[in-house]
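Participant: Just dropping this structure here.
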Amino acid sequence: MKKEVSPIVGVLGILITLTAVMLGYWFGLVGGGKEDVQPKGSAKSAGKAEGAAAEASGPPVGTLAGGAQPGYLDGPAAESLFSGPSGVAVDRDGAVYIADSRNHCLRKIAGDGVVTTFAGTTTEGFADGVGAAARFSGPAAVALAPDGSLFVSDTGNHRIRRIARDGAVSTFAGSDTPRDDIGRAGGGSKDGPATQAQFQYPVGLAVDAAGTVYVADVGNHCVRRISPAGQVTTIAESGGRMDSPTELALVADRLWVSDTGKGQLWTGPREGPLQPWRPAGKEKGPKAPSGLAANGADLYVADSGGHCLFRLTGERFVFVAGKPGVSGFSDGQGGAARFSLPAGLAAGAGGRLYIADFGNNRIRELKPEAESQEGR
Amino acid sequence: MRRNLTLAVLLVVVAGLVWLASRESQRPRVLARVSGSVSTPVGSAGNVAWIEQGKNARQVLIASRWRKPRVLLSDPGLTCVGIDGGRALVAIRGDSASKLLAIDLRSGRRQELAQTQGEIAQVSAGDGVTALVEERPAAVPAAPFIVAAGPVTVIRAISGKSPSPVVVAALTVDAMPAPAAAARERRVELLGPSHGRIWWLERRGRDAGQTTSVRSAPLGGAAEEAVAEPGSQQAILLGDAVLLTSFSPESALLRDTQAVRRLPLAGGKPQVVADWLRRSITLMGSGRTAYVQDGELLWRLGSARGEQEVICERPGGVQDSAVIGDEEYLVLRERKQLAVAERPLTWWARVRHLLERAAYTERGEAAAR
């Protein structure tokens, strides 16, 4: 006797088979999405902890002003916001001046920790005037003169500006240059009377006791000198050609220059010629030197390419803070601190160092080790 | 007995036919096999064009109405290609300047539309207007902290009224070197011309601090922000709206999911039209239809949430794709070939989508706990 199979049973059988295939596929998918998790307390993490302890030595680095996000906000330093601070200077009273480049203005952190805008606004432009009436274009560096006035490299306008103690902004050197098809001034190269001279993306500044202003003219690959009488000349080089001179410092009677493009320093008498400088030892130095600050006999060097700080003592580079090649943000002792494209540097009273931490949109502060130990 | 046997055979035949139909419908026709690297294909009105870098030549190829592709132009400086009706727009980088050519697809006649100082990186056309993005490099590349000397992105437009290109916007781009993960991410993504304005997606900042906004400007006017969406990675111009990806309000607990919002060009608040999409999707569109490429799956997005449907599944994976006119054709780039798919709909892909969504939900709940 033949047994008849019901069509319902047949259909059910097919459906069950299909469901089984689908479920298998589903579980396969879920299983494939599992992540590989490193167990806590593994040998790898223990090694990292030891490394972190070794890193946490050296002078302490803290945050003076600025926040996690780029922005523009005056007020108490901890609440203030900057956008691409690239230049910094400090006066005898401890007030810190900042070239807030993406905000196109000059900011000041007073001794009481309050941040204000003392020249320009967040609107890019070119205008002389007092305070908010003045306009700048991507100011990149600042330097204080012996008379208390502040020099500003107005990089996008290819000019050097001067801010008097009463806040009046004037054009110290540089003149109009041809504009391109999108209305941007291209800069130029011309020595002579300051008001007729031309620069191309001037950045680093230094002012000596006599009032002579030195300018790192990065677009023209050279250093320019503006005499107190207002004559602009180009300082000669020997032993090679500069690539991207970005920052300057005066140490005793010598002028030091950061050549960010070539990854080396240049030095020589103030009148020139400037020569490439090489350290005596084989220790690793800055990859792309930027900010320079004389601190006693030492010269601090910001390494914008390596995201760390070095000190030039005698003929050798000494590592100071950050982790070479690692960008980030953290306060801490020496190697435990992290920077992101540190640009300008300024040395303050008591050996304090101020850092324009461009990528982190913050102003950082490095205290000398002796001071930090006293404070403990 | 015979009746049951016939029924069973019929059932097997029907199931087989359904299975075969689904298999066949998801098999796109091969359009071209490529030997070198290929740029993202662009398509419009039955034409698809792409730049192919071979061993010895860099060429623009075009395939019209699924016919065999032909070489339109060969030049080592080719940077981007676009299609505007019956002509191809081709950008070429020279030693000191770049130029944009319009090439008639029938006659092959060439016309120079624009010359720029920097490289033309993107081009898009519509409403009788051609828009292009010019990238000017940093004046001092070694020092990204010199903002004034940083790279500049210039958006230009060419229209019948002003045949010489006008500057729509000149944007100083963040000079900070991008992290490796975002190295391919453009700061300005050209969406195209529409409603008398040029539209683009603009990214500022990096990582968690990144802000994204859809902006537009009339020819010769000032740019305005249409909407700012944190976390938005992609946007497309689709009819009278912009579709943009952004954080998902529903699946926000999972970092790897995102939603698609629709922003009317006339203004208003963006509305969610699709959710539970992976971060790695590619959003694309043509006419009034948007598509999402999500690894092996290609989805068609409806006008309202819940109407998205999986239309194609490619087990080998698709690197990128383009929609070509008629809203129903897609060009898929897979390993070494370009293929055309005619909006196939597979029930199995739909089932997979449902199951994957269930898996996402489960992971989301686990994350919430």
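Chains as they are written, first to last, in this note's numbering: chain H, 779 to 1154; chain C, 42 to 410. Using N, Cα and C, we set each Cβ at its ideal position, and we do this for glycine too.
Residues of chain C with a CB under 8 Å from the CB of H:S1068: which are they?
Facilitator: Neighbours of H:S1068 on chain C, chain order: A184, F186.
Participant: Restricting to Cα atoms, I'd like to know which of H:G1041, H:F1095, H:G952, H:A1125 is closest to C:A184.
Facilitator: Of H:G1041, H:F1095, H:G952, H:A1125, the residue nearest in Cα terms is H:G1041.
Participant: Rounding to the nearest angstrom, what Cα-Cα distance links H:A856 and H:P848 in this structure?
Facilitator: Using only the alpha carbons, I get a separation of about 14 Å.
Participant: Using the rule of at least 16 other Cβ atoms within 10 Å of the residue's Cβ for burial, across every protein chain shown, is H:A1030 buried or exposed?
Facilitator: The residue is exposed, with fewer than 16 neighbouring Cβ atoms inside 10 Å.
Participant: CB-CB under 8 Å to C:A222, same chain, minus the five flanking residues each way: which ones, in chain order?
Facilitator: In this prediction, C:A222 has a pLDDT of 40, which is less than 50 and means its spatial position is unreliable; nothing more can be read from the coordinates.
Participant: Could you pull out every residue in the same chain whose Cβ sits closer than 8 Å to the Cβ of H:V908, ignoring the five residues on either side in sequence?
Facilitator: Once the five neighbours on either side are set aside, the close Cβ partners of H:V908 are D944, G945, A946, V947.
Participant: Based on DSSP bridge pairs, tell me the residues matched to H:P838.
Facilitator: According to DSSP, H:P838 bridges with H:Q1111.
Participant: For the structure I just gave you, are there three or more beta carbon pairs, one from the region 1009-1018 of chain H and one from the region 895-909 of chain H, closer than 8 Å?
Facilitator: Contact fails: fewer than three Cβ-Cβ distances are below 8 Å.
Participant: Looking only at its own chain, which residues have a Cβ that is under 7 Å from the Cβ of C:Q312, when we skip the five neighbours before and after it?
Facilitator: Excluding positions up to five away in sequence, the list reads R302, R303.
Participant: How is the beta strand (DSSP E) around H:A1071 delimited, first residue to last?
Facilitator: Start and end: 1067-1073.
Participant: Looking at C-alpha atoms only, which residue of H:V1096, H:L884, H:A888, H:G889 is the closest neighbour of H:T901?
Facilitator: The shortest C-alpha separation from H:T901 is found at H:L884.
Participant: Within 8 Å of any Cβ in chain H, is that where the Cβ of C:A90 sits?
Facilitator: False, the Cβ-Cβ gap to chain H never drops below 8 Å.
Participant: If you reduce the DSSP assignment to three classes, tell me which class H:F1136 lands in.
Facilitator: If DSSP states are grouped into helix, strand and coil, H:F1136 belongs with the helices.
Participant: In angstroms, rounded to a whole number, what distance separates the CA positions of H:Q1234 and H:G1018?
Facilitator: Only positions 779 to 1154 of chain H appear in this structure, which leaves residue 1234 of chain H out of reach.
Participant: Would you report the Cα separation of H:F860 and H:F1095, rounded to the nearest angstrom?
Facilitator: Each residue's alpha carbon lies about 31 Å from the other.
Participant: Provide the residue span of the beta strand (DSSP E) that contains H:D878, from first to last.
Facilitator: 874-878 is the span of the beta strand (DSSP E), which, as asked, contains H:D878.
Participant: Look at the alpha carbon of H:W1044 and the alpha carbon of H:A1124, and state the distance between them as a whole number of angstroms.
Facilitator: Distance between the alpha carbons of H:W1044 and H:A1124: 19 Å.
Participant: Closer than 8 Å is the cut-off here; do at least three beta carbon pairs connect the region 1002-1009 of chain H with the region 186-205 of chain C?
Facilitator: No, they do not touch.
Participant: H:S879 versus chain C: which residues are under 9 Å apart at the beta carbon?
Facilitator: Result: F186, I187, V188, A189.
Participant: So, under 8 Å CB-CB, H:P1023 and H:V996 are touching, yes? Tell me the CB distance rounded to an integer number of Å.
Facilitator: Yes, they are in contact, since the Cβ atoms of H:P1023 and H:V996 sit about 6 Å apart, within 8 Å.
Participant: Do H:G1100 and H:F1117 count as a contact pair if the criterion is CB distance below 8 Å?
Facilitator: Contact: yes.
Participant: Below 8 Å on the Cβ atoms is my contact criterion, and I expect H:S931 with H:A918 to pass it. Report the Cβ-Cβ distance as a whole number of Å.
Facilitator: So it is a contact: roughly 5 Å between Cβ atoms.
Participant: Closest to C:T81 by C-alpha separation, out of C:G87, C:E93, C:L72, would be which residue?
Facilitator: Ranking C:G87, C:E93, C:L72 by Cα distance to C:T81 puts C:E93 first.
Participant: For C:V333, report the span of its beta strand (DSSP E) as first-last.
Facilitator: Its beta strand (DSSP E) spans residues 330-335.
Participant: Buried or exposed: C:V102, going by 16 or more other Cβ atoms within 10 Å of its Cβ?
Facilitator: Sequence check: residue 102 of chain C is Leu here, not Val. So C:L102 counts as buried.
Participant: Using the C-alpha atoms, what's the distance from H:P980 back to C:E329?
Facilitator: The question names Glu, yet the displayed sequence has Arg at residue 329 of chain C. In a straight line, the C-alpha of C:R329 is about 51 Å away from that of H:P980.
Participant: Could you check if C:R128 is buried or exposed, using at least 16 other CB atoms within 10 Å of its CB as the buried criterion?
Facilitator: Under this definition C:R128 is a buried residue.
Participant: Where does the unbroken beta strand (DSSP E) through H:S931 begin, and where does it stop?
Facilitator: H:S931 -> beta strand (DSSP E) spans 928-932.
Participant: Name, going along the chain, the residues of the region 851-885 of chain H whose beta-carbon falls closer than 8 Å to a beta-carbon of chain C.
Facilitator: Within the region 851-885 of chain H, the residues whose Cβ lies closer than 8 Å to some Cβ of chain C are G862, S864, S879, R880, listed in chain order.
Participant: In the DSSP assignment, find the beta strand (DSSP E) that holds C:A269 and state where it starts and stops.
Facilitator: Its beta strand (DSSP E) spans residues 265-269.
Participant: By the criterion of Cβ-Cβ separation under 9 Å, what are the contact partners of C:Q158 in chain H?
Facilitator: What C:Q158 touches in chain H: D958, D959, I960.
Participant: Quick one: grab the DSSP three-state call for C:A49.
Facilitator: The answer is helix: DSSP assigns C:A49 an H, G or I state.
Participant: If you compare alpha carbons, which of C:G135, C:I239, C:G280 is closest to C:G262?
Facilitator: Checked all of C:G135, C:I239, C:G280; the closest Cα to C:G262 is C:I239.
Participant: Helix, strand or coil, according to DSSP, for H:G1046 in the structure here?
Facilitator: Residue state, collapsed to three classes: strand.
Participant: From the DSSP output, in three-state form, read off C:G95 for me.
Facilitator: Coil at C:G95, not helix or strand.
Participant: Sorted by chain position, which residues of the same chain lie with C-beta nearer than 6 Å to H:G862's C-beta, five sequence neighbours on each side aside?
Facilitator: Here the set comprises S879, R880, F1136.
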